[in-house]
Amino acid sequence: MYRQARLLGVLLLLQVVAMVGLGVWLFSRFDWDRAMKITSGSGKINVQTIDGPWLEPLVRALLFAVYFLGPVVLLLLAGLGFVLLRRRGWMLASVAQALIMLACLFFYGASRPWFAYALIAYSIFMILLLNSRSVRTVVHRRRLTPTEARPEIARGE
Amino acid sequence: MANEESVDARTAEALLRRFEPVIRFTKGEWFYPMDCEPYVDACSLWVARPDEDAVCVVPAGELTLEKLAQQPEDTTGAVHYLKIPNPKEDENRGRRARRSHTNPDWPKETFRAGRGRLARVGYISRLADALFSLMLLARGRVPGGDVEGGRVLYGRYMEEKQRFTYHGNVVRQDGWIVLRYWLFYAFNDWRSNVFGANDHEADWEKIFIYLSDSESGEVRPEWVAYAAHEETGDDLRRRWDDPELEKVGEHPVAYVCAGSHATRYFRGEYLTELAFPLPRAISVVRRILRRFWYVTLRQYAADEYREKSYEQFTIPFVDYGRGDGWAVGPGQDREWDPPRLMNPVPPWISEYRGLWGLYTRDPFQGEDAPAGPMYNRDKTISREWFDPVGWAGLDKVPTRAEELEVITGRQAEIEERRDLLRSELREKSGRLKALGMDAEATRDQSHLSKLHENQTRHIKELSGEVETLRAQLSDDEVLAESLEDHAESLRGGERPPAGAHIMHAARPVSEEETHAGRVAQLWASISIALVLVTLILIIAYERSHLLSALVFAIAVFAFIEAGFRRRLTRFIVSLNVALAIVGALVLLEHYFWSVIVLAVLAVGLYILWENLRELGR
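First to last, the protein sequences are chains V and S. Each residue of the first sequence is one higher than the one before, starting from 3 at the first, in this note's numbering. Each residue of the second sequence is one higher than the one before, starting from -9 at the first, in this note's numbering.
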């Protein structure tokens, strides 16, 4: 029964690894040598030297970090929860997927880089998996027993 | 009725009085069960013909039960209906009477929904509720003045003397003695006074008690069935020895909901959904999507997924059966008056097929008054009248005295069938063996190949028949054993669980939901208005980011709502599903041709794989 939870945990951790890897790759595309040259001078920064297209990769990497740092932390906690504690972390994982999807669909709405599509595809897969009967039966075993009163259907009288 | 036997009036009255129910009302109820005669005396009788204005055929003050039975001016398509006099119209006509006569001091108490009414249903429902109210302007509805008319009519009746009357009828059907308590209310004010779904003049509700003849010759109460809205079948009834069935001596206790007069077994507040059928096309699409989601994608469903033969849109309302108001019945503060007997069936029941109150021409019929105990609104005979046993799903249940007799008869029947099956099986087995030998003898002989083919086909057919017979025999053996065990337990005095027949019991909502917090209630009251104002502000000031702003605002409202309703999990799932659908569309749009190519490639590879497998065999 817990194999399903562990598998889910592994898939979540894989998502963390992929996103961290993406972040590292984005930061690595920035020309750090040039940045070092600017900042290690006499303490004066020429505004014209920092204003240019060479800064775009840094902006892109920083935005990526802003959008996805929160979800990555949630995914990490959820993944570890599933792997180590077997059943915890469903809500964290679901919220993280929602945040990732929102970021990909709205913040990257206009520019939408290639990795946004990959993230969307993986998130769709994870959303379906998290909401699948087998996973939810395992993780919500106690809480989802239907105890609520069923409403009646009326047509008039 | 062909399948019913009537019971003489004296016996009927004695039985009705012996088991008459105790009814507990909700505080603030305006209308209690009354004798229908003073109601009819106060009403006028109208006839509505297709595409014509309704005509008054008997004015108020001249109508009697006898006249009602004559159903004058009946033609094809005509709908007869009663109409409660409108006190304002009376005043306009100059019929001013004493003040106490025109404006009775009634009701004594007003209904209070209490905290949490709106907090119990979600945005969609609240919005649908608002639309539903608006829709009432377009469809037929009972005018507000009619509630006042009902109040005045009933107030005068109660000012004269407080009387509580039921209409009783007793019949025998399929071994059962059915006591039918028909409760007549002057008005159903569920919408006007209790925030419910509908109003209509007149309301006929019912409580049935099912008795059987015991071995000692005494009658024995076995089941009761309380009517609630249009529910029928097993869920309606409770066994007499069910610990959940409240009784005062031999009198079952019923809780009547304020305004709607739906009758319940437990005190509390019930979520009742008013259902509207969806258009056929939408229904088909919804069914396909549901199947794809729950079966193909194996997504989680809180209730077990079931294919529905029809799809409907529902708006939830609350039915208040608190039982904190007046109690009517034996040993209570207010006792029943002698019942109006309907044994033999009086002509005003059997001959008057019209409605007992205003006909509003409402296409959903919710605002049209009901027909009498014997008829449906379309003038067909109602099931609870011609088949009271089947109405509560008791047609498959023998009385206690009949149980062992039914089992013995069934056992004899099964034994007889098993003998027949055995002999048929012996005969067919013998033929099968003979055919088997024939087929063995004709195998691998070229001149007998045609014969062999026929023999093989016959063997296959016969083998199938023998298999079916063996399965039937085996099923019958198991059934016979089960019947024997069941008979044994019945002989030992054991009874099956009292609630075993109930699939979906109507139960009140939990205490927790009933007493929603003050903030939750405040939020529920203002949220729809807030949503609308926010939408207007976004359209006015954030038109450049319209989509994003709308999505953000809706998400924030939905999140707050889910928090108050303790449904965060459901909210997250819904949000994720919506995002996944949008994401899938974005992927499809971006990779449209790649998806098509991949799909074609996958189909091609599948066909290739199948063909190669066939080659390899």
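No residue lacks a Cβ here, since even glycine has one placed at the ideal position from N, Cα and C.
Legend entry - Residue from S:163, S:192, S:191, S:185 with nearest C-alpha to residue 198 of chain S: S:163
Inset, instruction - In the DSSP assignment, find the alpha helix (DSSP H) that holds residue 273 of chain S and state where it starts and stops. - result: 270 to 281
Inset, instruction - Please state whether DSSP places residue 378 of chain S in a helix, a strand or coil. - result: helix
Inset, instruction - Measure the CB-CB distance between residue 180 of chain S and residue 186 of chain S and report whether it falls below 8 Å. - result: yes
Legend entry - Under 7 Å from the C-beta of residue 609 of chain S: neighbouring residues of chain V: There is no way to answer for residue 609 of chain S, as the model of chain S reaches only from -9 to 607.
Inset, instruction - Could you name the residues of chain S that residue 119 of chain V contacts, counting a contact when the two beta carbons are closer than 7 Å? - result: 577, 580
Inset, instruction - Check the C-beta distance from residue 229 of chain S over to residue 543 of chain S and give it rounded, since I have them as a contact under 8 Å. - result: Not quite, the Cβ-Cβ distance comes to about 53 Å (not below 8 Å), so this is no contact.
Legend entry - Where residue 511 of chain S sits in the DSSP three-state scheme: helix
Inset, instruction - Could you tell me the boundaries of the beta strand (DSSP E) in which residue 158 of chain S lies? - result: 157 to 163
Inset, instruction - Kindly indicate which three-state DSSP category residue 175 of chain S falls into: helix, strand or coil? - result: strand
Legend entry - Proximal residues of chain S, C-beta to C-beta of residue 99 of chain V below 7 Å: 566
Legend entry - Any C-beta of chain V under 8 Å from that of residue 559 of chain S: yes
Inset, instruction - Could you tell me which residues DSSP puts in a beta bridge with residue 73 of chain S? - result: S:34
Inset, instruction - Drop a sphere of 10 angstroms on the beta-carbon of residue 253 of chain S, count the other beta-carbons inside from all chains shown, and report buried for 16 or more, exposed for fewer. - result: buried
Inset, instruction - Could you check if residue 566 of chain S is buried or exposed, using at least 16 other CB atoms within 10 Å of its CB as the buried criterion? - result: buried
Legend entry - Min CB distance residue 86 of chain S to chain V below 8 Å: Confidence at residue 86 of chain S is low in this model, with a pLDDT of 45, below 50, so its placement is unreliable and the value that follows should be read with caution. Answer no: the Cβ-Cβ gap between residue 86 of chain S and chain V never drops below 8 Å.
Inset, instruction - Please confirm if residue 78 of chain V has its CB atom under 8 Å from at least one CB of chain S. - result: no
Legend entry - Burial state of residue 526 of chain S, where buried means 16 or more other Cβ atoms lie within 10 Å: exposed
Inset, instruction - Can you have a look at residue 88 of chain S and say buried or exposed, based on whether 16 or more other CB atoms are within 10 angstroms of its CB? - result: At residue 88 of chain S the pLDDT is 44, less than 50, meaning the model places this residue with poor confidence; the figure from the coordinates comes in the next sentence. Flag for residue 88 of chain S reads exposed.
Legend entry - Buried versus exposed call for residue 596 of chain S [16 or more other C-beta atoms within 10 Å across all chains shown]: exposed
Inset, instruction - Leaving out five residues on either side along the sequence, give the residues of the same chain with a beta carbon under 7 Å from the beta carbon of residue 10 of chain V. - result: 84, 131, 137
Legend entry - Beta bridge counterpart(s) of residue 237 of chain S as assigned by DSSP: S:242
Inset, instruction - On the DSSP bridge assignment, give the partners of residue 365 of chain S in chain order. - result: S:371
Legend entry - Between the CA atoms of residue 98 of chain S and residue 17 of chain S - distance to the nearest angstrom: 10 Å
Inset, instruction - Give the DSSP-derived three-state secondary structure of residue 608 of chain S in the structure shown. - result: No statement about residue 608 of chain S is possible, as the shown extent of chain S runs from -9 to 607 and does not include it.
Legend entry - Euclidean distance between Cα positions of residue 513 of chain S and residue 104 of chain S: 15 Å
Inset, instruction - Could you check the C-alpha separation between residue 426 of chain S and residue 466 of chain S for me, to the nearest Å? - result: 28 Å
Inset, instruction - Check whether the Cβ atoms of residue 176 of chain S and residue 332 of chain S sit closer than 8 Å, and answer yes or no. - result: no
Legend entry - Length at least 4, wholly inside the stretch 519 to 554 of chain S: the alpha helix (DSSP H) runs in chain order: 536 to 554
Inset, instruction - Determine which residues of the stretch 533 to 557 of chain S have a Cβ less than 7 Å from any Cβ of chain V, and write them out in chain order. - result: 538
Inset, instruction - Select from S:478, S:9, S:601, S:346 the residue whose C-alpha is nearest the C-alpha of residue 27 of chain S. - result: S:346
Inset, instruction - Please list the residues of the stretch 34 to 48 of chain S that have a C-beta atom closer than 8 Å to any C-beta atom in chain V, keeping them in chain order. - result: none
Inset, instruction - Taking only beta-carbon positions, decide if residue 345 of chain S is within less than 8 Å of chain V. - result: no
Legend entry - Sub-8 Å separation of residue 192 of chain S and residue 32 of chain S beta-carbons: no
Inset, instruction - Would you mind giving the Cβ-Cβ distance between residue 312 of chain S and residue 259 of chain S, rounded to the nearest angstrom? I have them listed as a contact below 8 Å. - result: 7 Å
Legend entry - Extent of the continuous beta strand (DSSP E) to which residue 197 of chain S belongs: 190 to 203
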